[in-house]
C-alpha cells in the first residue's frame, strides 16, 4: 500500500477571500480535502494529502505564499496565533510511519527557517524537548510576545533565525497521529453537567488516555455537548469514549441523544466500532468491498 | 461516482485445477476479487467487479470457456447444480441501479442462449415470473432432471433453446442486492438451541425480513453457530440480526461469544453499525478518509 501523509496547515487569514484563495492555490500535486475558514478566528485550515515529497513541497509553497501575503502586525482574530502560518501538523497514513512524518517535519521546518527566514519550533512527536510537545506552550505570548520570548535562551528556535520574521512571526511544525473530533450530545440544557462529564473524560483530569474534552452549550438546540478530541483513536477507540460519556450521563440522570464526528476519520476507527459492538472475530478492514475497488492491492 | 457491478459466477468444476484455471483466465478487463473452489461440492465461485460492459463481457467469456471444457454428463459433486455454469448473479454497486443490473442479466442471458445454445432462466430481481425468483425452485431436478423439466410448458426457458445443451445443461442468470454472510457464535454445544434461534431469525418462519438462517455445529471449537445470509443488508442492518440473536440466546441461557462476516461487505453496512451503536447524527460515508483517497470525487 502507498505511503501517504496528511497535512492540516493553519494560516492566519480568513476575512479576505482572495488572499485565502492565492495561498491555497500554492498547493500543487496533492489532493486538497478541505479548506475551512473561520472569520471570527481570522484563520483557515487547509487539509491536503498525498505522497511525502509532494506534501512537503506543497506545505513549503503554501507557507512561502502566506509569508509573502500576510502581515501579522495588523492581524486581528479570536484564535491564539503566532505566525502567518501558525502550525503545520503532518499525519502519517496507511503504510507511513510516525518516524517518517517526524523526518518530514524536520525537512520542511528547516526549509522554512532557512529559505523564508521564519523561526520554526517543532512540536508533538517531532518536539526536540518535552516542554515543546504541546502547541499551547509554544504559542503562549502569541505574535505580540514573540520578540520577547525569543530572547529567552530556553526558546531558541529549532530552525531559522533567533528573531521573529518582521511580518510573519514564527511557525510551528510537527507530526501527530490522526485526531478525531468527536462530540456527544446530552438531553439537557445544564452546561454544568456537560462540563462535569468532560472533566471525567479528559485524560488530564483522570479520564481516558488520549482524550481532550470540554463541555459546550449548543444554543440553537437548547442542549449541551461533551466536545472531544480523541488524539489517538487507534489506541483509544471512539466507543470507549462514547460508553464512558453514556455511563456518566446516566449518573447525572440525563440521556445521550446523539453524537457526531466532525470532519474525516480513518476506516479502521469505524470498523473498530463495528468489531466492538457486533463482537466480530478476525474482521479485516480488507473485507470492506470498497477497499478492493480502489488503489493497488 | 462510477457505476460498478459485481458478478459471483458459479461453475461446476473444482477438482481439476488446470480446468479451473483456464475458465477463470477467460475473465479479462475486470478486477477478480475471489476464486473459491470447493472440492466436495465440485464447484467454484468466481467473484469479479468492474464496469457494466466489461463485467458482462467477462461473464459471457467465462461461460463460453466453461461450456467448452465441462461435461455435465460425468459431473459429481455435493452441491445442487444444473449446468456447467450453474448461476450468474449480478450485484449493482455504488451508483448503479437494480434496473441496470437486471438489464445486464437479460443481455448476458440472451447472449448465452443464442451464442452458446444453452437454455437460460432468469432469477431473483430479473425473474420473469414469481415461481422463478428462487434459485432452488429453478434448479430442482438438477442436471439429471433437466430434459424432463424442459418438456413442461411451465418451464420454457427465458432465453436459448427448449432442450438442454448436450454437455452444459442450463444456466441461471439474474440480479440481486449485496448479500452478507453473517454468523453469530453461541457459547454452547447444543445444536438444538442454534436451530431454534435460526428459526426465530429466519424471515420465512416469522423472523427478520431479508434473513435466511440455519443452525450449524462448529465441531473443532465445540460450539454452535447461527449462520445467516442477510440478503438486503441495506434494509435489514447487521446489528438488528445480531441483537435479535443476542436476545434469543439470553432467553436460552447461553452467551454470544463472537460473530463473523464471511467474505466482503459494503462500507455502508459497516458505517450503519457504527451509526447505530454510537448514535451518530448525520454521519456520511464520505467522512471515511479512505473514500477521499481513492477514485474520482
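Protein chains in written order, with the working numbering: chain A, 10 to 306; chain B, 10 to 306.
By construction, the Cβ of each residue, glycine as well, lies at the ideal position given by its N, Cα and C atoms.
From a predicted model like this one, the values you see are computed outputs, not experimental measurements.
For residue 145 of chain A, the enclosing alpha helix (DSSP H) covers residues 144-148. Contact annotation for residue 267 of chain B against chain A: 288 and 290 [CB-CB distance below 7 Å, chain order]. Contact check for residue 52 of chain A and residue 19 of chain A: beta-carbon distance about 6 Å, within the 8 Å limit, so the pair qualifies. Taken through DSSP and simplified to helix, strand or coil, residue 236 of chain A comes out as strand.
For residue 158 of chain B, the enclosing alpha helix (DSSP H) stretches over residues 155-160.
Residue 279 of chain B places its beta carbon less than 9 Å from that of residue 283 of chain A. Short of 6 Å from the beta carbon of residue 192 of chain B, and not among the five residues preceding or following it, lie these beta carbons of its own chain, in chain order: 234, 236 and 269.
DSSP links residue 191 of chain A through a beta bridge to A:237 and A:270. By the Cβ-count criterion, residue 110 of chain B is buried, with 16 or more other Cβ atoms from all chains shown falling within 10 Å of its own Cβ. For residue 103 of chain A, no alpha helix (DSSP H) segment is defined; the enclosing uninterrupted segment is the beta strand (DSSP E) at 94-103. Using a C-beta cut-off of 8 Å, the segment 65-80 of chain B makes no contact with the segment 146-154 of chain B, since fewer than three inter-stretch Cβ pairs fall below that distance. Beta-bridge pairing by DSSP links residue 152 of chain A to no other residue. Of the residues assessed, residue 273 of chain A falls on the buried side of the cut-off, its CB having 16 or more other CB atoms within 10 angstroms. Counting only runs of 4 or more residues that sit fully inside the segment 21-48 of chain A, the alpha helix (DSSP H) segments are 26-33, in chain order. Under the Cβ criterion of 9 Å, residue 60 of chain A is not counted among the residues facing chain B.
Residue pairing for residue 52 of chain A: DSSP places it in a beta bridge opposite A:47.
Rounded to whole angstroms, residue 251 of chain B and residue 153 of chain A show a C-alpha spacing of 58 Å.
Across the structure, residue 179 of chain A and residue 247 of chain A are spaced so that their CA atoms are roughly 34 Å apart. Scanning chain B for C-beta atoms nearer than 8 Å to the C-beta of residue 301 of chain A yields 40, 42, 58 and 273, reported in chain order. With a cut-off of 8 Å on Cβ pairs, the segment 104-122 of chain A is in contact with the segment 168-187 of chain A, counting three or more such pairs. Among the bridge pairs identified by DSSP, residue 57 of chain A is matched with A:16 and A:41. Between residue 78 of chain A and residue 121 of chain A, the gap from beta carbon to beta carbon reaches 9 Å or more. Rounded to the nearest angstrom, the Cβ distance from residue 102 of chain A to residue 58 of chain A is 7 Å, consistent with a contact under 8 Å. By the neighbour-count definition (other C-beta atoms within 10 Å, threshold 16), residue 74 of chain A is a buried residue.
Look at residue 87 of chain A here: in three-state DSSP terms it is coil, with no helix or strand label. Counting along the chain, residue 279 of chain A sits inside the alpha helix (DSSP H) bounded by residues 276-287. Around the beta carbon of residue 34 of chain A, fewer than 16 other beta carbons sit within 10 angstroms, so the residue counts as exposed. Contact annotation: residue 249 of chain B and residue 217 of chain B have beta-carbon atoms nearer than 9 Å.
Scanning chain A for C-beta atoms nearer than 7 Å to the C-beta of residue 227 of chain B yields nothing, as the closest lies near 11 Å away. Less than 9 Å divides the Cβ of residue 221 of chain B from the Cβ of residue 238 of chain B. Rounded to the nearest angstrom, the gap between the Cα atoms of residue 40 of chain A and residue 15 of chain A is 9 Å. Looking at the DSSP output, residue 254 of chain A shares a beta bridge with no other residue.
The C-alpha of residue 124 of chain B lies about 58 Å from the C-alpha of residue 262 of chain B.
Listed along chain B are 279, 280, 283 and 297, each with a C-beta nearer than 7 Å to that of residue 279 of chain A.
Linking residue 127 of chain A to residue 229 of chain A through their CA atoms gives a straight-line distance of about 42 Å. Cα atoms of residue 292 of chain B and residue 267 of chain A: separation of roughly 11 Å, rounded to the nearest angstrom.
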